[in-house]
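Colleague:
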Amino acid sequence: MKIYADNAATTKLSRVSKEAMLPYFDTIYGNPSSLYSAGQEAAEAINRARQIIAKKLNCEPREIYFTSGGSEADNQAIISAAQIGARQNKRHIVSTAFEHHAVLHILEKLKKQGYEITLLDVHENGIVMPDEVAAAIRDDTCLVTVMYANNEIGTIQPIAEIGAICGAKGVLFHTDAVQAAGHVYIDVKAQHIDMLSLSAHKFHGPKGAGVLYAKKGIFLTNIIEGGAQERGKRGGTENVPAIMGMAAAFEEACAKIDGNTQKLTALRDKITEGLLKIPHSVLNGDSARRLPGNVNVCFEGIEGESLLLYLDAQGIMASSGSACTSGSLDPSHVLLAIGRPHEIAHGSLRLSLSEENTHEEAEYITEKVAEVVEHLRSMSPVWRDLKEGKKSYVIQ
Ligand SMILES: *Cc1c(COP(=O)(O)O)cnc(C)c1O
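One gets the working numbering by counting positions in the sequence shown from 1 and adding 131 to each.
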């Protein structure tokens, strides 16, 4: 059996998305900037894609900028807000300790350039408190950036509340919605979102395509200088096939939100229930306010990396920490941010499901994880110390 349960890392391209792309590789291959009809056909196509995405986010097509993915959109949003702030002598940014590295690393860079960054702590349930965001905003705050749903523990943030606070205080609000887009409903107007990032490959679209939504009137700073593409804000010939695939995938994913929420929540809760029967295990993040397909559990006394390798041998593809940090020995900054101690944070498992996963797979996963955890514990000196009472359990 081969089970893919790492959809927070990337997703399989959907058939609909693939078919939407195909004509733009070899039939309608003109450059959208060219004036002859083959170019204009491509230009019209990407404008249709822009309309589709804008409609789903409840914004205007001209507020949609195509990028190379979520990372670029995050970078451009934050750099733009920082530049707008600098022109008004506002150099303070509020964010959280559990953002994606695409956000955290650009904030670190801005800090070196003289910006002051407040990273809010996240509570044990993995939820950012709106009143703490409000309290962190100062007269010189130029941006609040809080992710919509966390990529490791799946917790969904009170975005509308945070957006309303920022709106009332006149501070720009950006959200990295890469994990949320296509999985939960987003309405940038109702949720008072000024800027938002999304990425096609997290909702069954192609890799290397994303969107920055920026409310009209927000002056964007170019990350890539070049031609006049994307209203002059993002140089470079548009990735037409990927843009078409992204729009088709987004439309499809949005249409499936209700059905998938129901299906994945049932699978998620079944797996979670099964895994928490393993002694000394704990769920990371709120049990209800999380993405329908996200399970993230810590097991005491084992290493997440070993767990993954053993699960891979059983045909299960999962993750421990984020894909970007695996390969390093640092524990996940997300698990540390919600207060998990180092020794526990190392023993985490993230399963992120899609509509292709089945109840049979959920049972297989639960059974195999229990077996592997038991096996790893039988070889673990840490576990022996815990059992012999030389150390005390962190997870009761
Ligand atoms: C995957 C991801 C990104 C990066 O998106 P890319 O398109 O891979 O650059 C950013 N933020 C979050 C929350 C993500 O999950």
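Where is the CB? At the ideal position from N, CA and C, for every residue including glycine.
On a CA-only basis, which of HIS473, THR276, ASN162 is nearest GLY358? Give me that one, please.
Modeller: Locating residue 358 in the sequence shown gives position 227, counting from the first residue. Checking every option, the nearest Cα to that of GLY358 belongs to ASN162.
Colleague: Measure from the alpha carbon of SER117 to the alpha carbon of each residue in SER523, GLN527, ARG421, GLU502, then state which is nearest.
Modeller: Any answer about residue 117 is impossible in this case: the structure gives the chain only from 132 up to 527.
Colleague: What's the gap between the Cα of SER457 and the Cα of SER451?
Modeller: The residue given as residue 457 occupies position 326 in the sequence shown. The residue given as residue 451 occupies position 320 in the sequence shown. For SER457, the pLDDT reaches just 49, beneath the cut-off of 50, and the residue's location in the model is therefore unreliable, although a value from the coordinates is still provided. Their Cα atoms are separated by approximately 7 Å.
Colleague: Buried or exposed: where does THR306 fall if 16 or more other Cβ atoms within 10 Å of its Cβ makes it buried?
Modeller: Here residue 306 is taken as the residue at index 175 of the sequence shown, counted from 1. Buried: at least 16 other Cβ atoms inside 10 Å.
Colleague: Are there three or more Cβ pairs, one per stretch, closer than 8 Å when the segment 150-168 is compared with the segment 310-320?
Modeller: The segment 150-168, when compared against the segment 310-320, does not touch it at the 8 Å Cβ threshold.
Colleague: Give a single yes or no on whether ASP157 has its beta carbon closer than 8 Å to a heavy atom of ligand 1.
Modeller: Indexing the sequence shown from 1 puts residue 157 at position 26. It does not: the Cβ of ASP157 is nowhere closer than 8 Å to a heavy atom of ligand 1.
Colleague: Using the beta-carbon count (16 or more within 10 Å), is LEU440 buried or exposed?
Modeller: Translated into positions along the sequence shown, residue 440 becomes position 309. Exposed, since its Cβ has fewer than 16 Cβ neighbours within 10 Å.
Colleague: Pick from GLY367, GLY424, LEU235, ALA180: whose alpha carbon is nearest that of THR529?
Modeller: What the structure shows of the chain is the stretch from 132 to 527, and residue 529 is not part of that stretch, so it cannot be assessed.
Colleague: Count the other CB atoms within 10 Å of the CB of GLU361; is the residue buried (16 or more) or exposed (fewer)?
Modeller: Within the sequence shown, residue 361 is the residue found at index 230, counting from 1. Under this definition GLU361 is a buried residue.
Colleague: Quick check: the Cα distance between VAL234 and SER202, rounded to an integer number of angstroms?
Modeller: Translated into the one-based positions of the sequence shown, residue 234 becomes position 103. Translated into the one-based positions of the sequence shown, residue 202 becomes position 71. Each residue's Cα considered, the two are about 8 Å apart.
Colleague: Helix, strand or coil for THR456 per DSSP?
Modeller: Reading the sequence shown from its first residue, position 325 is the one you call residue 456. Low confidence applies to THR456: its pLDDT is 47, below 50, so where it sits in the model is not reliable, and the reading given next is rough at best. Of the three classes helix, strand and coil, the one that applies to THR456 here is coil, per DSSP.
Colleague: Based on the DSSP secondary-structure assignment, which residues constitute the bridge partners of HIS305?
Modeller: As a working mapping, residue 305 is identified with position 174 in the sequence shown. DSSP, once it has assigned bridges, lists THR276, MET326 as partnering HIS305.
Colleague: Output yes if chain B places a C-beta closer than 9 Å to the C-beta of ALA493; else output no.
Modeller: The displayed structure is made up of one protein chain only, and chain B is not part of it.
Colleague: Quick check: is any heavy atom of ligand 1 less than 8 Å from the C-beta of MET278?
Modeller: One-based indexing of the sequence shown puts residue 278 at position 147. At least one heavy atom of ligand 1 is nearer than 8 Å to the Cβ of MET278, so yes.
Colleague: Using 8 Å as the threshold, is the segment 185-199 in touch with the segment 336-349, meaning 3 or more CB pairs across them?
Modeller: Cβ pair count under 8 Å is three or more, so yes.
Colleague: Considering only residues of the same chain and omitting the five flanking positions on each side of GLU382, which have a CB-CB separation below 7 Å?
Modeller: Counting from 1 along the sequence shown, the entry for residue 382 is found at position 251. So the qualifying residues of the chain are ILE183, LYS187.
Colleague: For PHE304 and GLU519, what's the separation of their Cα atoms in angstroms?
Modeller: Position 173 of the sequence shown holds residue 304. Position 388 of the sequence shown holds residue 519. Taking the straight line joining both Cα atoms gives about 51 Å.
Colleague: Keeping to the same chain, check which residues put their C-beta closer than 6 Å to that of LEU241; ignore five residues upstream and five downstream.
Modeller: For the purposes of this step, residue 241 is identified with residue 110 of the sequence shown, where counting begins at 1. Same-chain partners within the cutoff: ALA213.
Colleague: Is ASP137 helix, strand or coil when you go by DSSP?
Modeller: The count along the sequence shown starts at 1 and reaches residue 137 at position 6. Note: ASP137 maps to strand in three-state DSSP.
Colleague: Helix, strand or coil for LEU251, going by three-state DSSP, please let me know.
Modeller: Stepping through the sequence shown from its first residue, residue 251 is reached at position 120. LEU251 falls in the strand class under three-state DSSP.
Colleague: If we count the other Cβ atoms within 10 Å of its Cβ and call it buried at 16 or more, is GLN207 buried or exposed?
Modeller: If you number the sequence shown from 1, residue 207 lands on position 76. Buried, by the Cβ-count rule.
Colleague: Go ahead and pull the three-state DSSP assignment for THR198.
Modeller: The residue labelled residue 198 in the question sits at position 67 within the sequence shown. Three-state DSSP puts THR198 in a strand.
Colleague: My understanding is that LYS319 touches LEU327, with C-beta atoms under 8 Å, so please give their C-beta distance in whole angstroms.
Modeller: Along the sequence shown, one-based indexing puts residue 319 at 188. Along the sequence shown, one-based indexing puts residue 327 at 196. Checking the sequence shown, residue 319 turns out to be Val, not Lys. Between LEU327 and VAL319 the Cβ distance is about 6 Å, and since that is below 8 Å, they are a contact.
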